[in-house]
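Note that the sequence shown covers residues 89 to 183 in my numbering.
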Amino acid sequence: MTNIRKSHPLIKIINHSFIDLPAPSNISAWWNFGSLLGVCLILQILTGLFLAMHYTSDTMTAFSSVTHICRDVNYGWVIRYLHANGASMFFICLY
């Protein structure tokens, strides 16, 4: 398997980019949580912007706007739950 990894032109690029990548010795698996925090932050910003497009902050219509997002907006329920679970995932990665 190693000779295919080093001889095939396309697989050789992937091998040099991901598998045989030189890394410092002080980097451990805990460094992955920093990039996960960045992904969670971008997810929170994007889903928050999409939710803010349909949310109404009036006291009489706030709950109905949330139900409107979940029922009437295309994939609004997915965006809402991604936003809610993304906040929990952010704090899990942070602490």
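Just so it is clear, CB atoms sit at the ideal spot from N, CA and C, and this is done for glycine as well.
Residue i: CB within 7 Å of a non-hydrogen atom of the ligand PLP
{"i": "F179", "result": "The ligand PLP is absent from the structure shown, which contains no ligands of any kind."}
Whole-angstrom C-beta distance between residue j and residue i, which should lie under 8 Å
{"i": "F178", "j": "Q132", "result": "7 Å"}
{"i": "C181", "j": "L109", "result": "With a Cβ gap of about 23 Å, C181 and L109 do not count as contacting."}
{"i": "I99", "j": "R93", "result": "6 Å"}
{"i": "S153", "j": "T147", "result": "Between T147 and S153 the Cβ distance is about 11 Å, and since that is not below 8 Å, they are no contact."}
Best match in the options for proximity to residue i [C-alpha to C-alpha]
{"i": "I157", "options": "N173, L170, T147, L139", "result": "L139"}
{"i": "L170", "options": "I130, T147, T144, T149", "result": "I130"}
{"i": "A175", "options": "I92, T135, S95", "result": "T135"}
N-terminal and C-terminal residue of the alpha helix (DSSP H) that residue i is part of
{"i": "H142", "result": "Counting along the chain, H142 falls outside any alpha helix (DSSP H), and DSSP gives it neither H nor E."}
{"i": "S152", "result": "150 to 159"}
{"i": "F179", "result": "164 to 182"}
{"i": "I102", "result": "97 to 102"}
Contacting residues, own chain, Cβ-Cβ under 7 Å from residue i (five flanking each side not counted)
{"i": "I167", "result": "T135, F138, L139"}
{"i": "A150", "result": "T144"}
{"i": "N103", "result": "R93, K94"}
Below-8 Å beta-carbon distance, residue i vs any chain C residue
{"i": "I157", "result": "In the displayed structure, chain C is absent; only one protein chain is listed."}
Close Cβ partners of residue i (< 6 Å) along its chain, the five nearest in sequence each way excluded
{"i": "W165", "result": "C158"}
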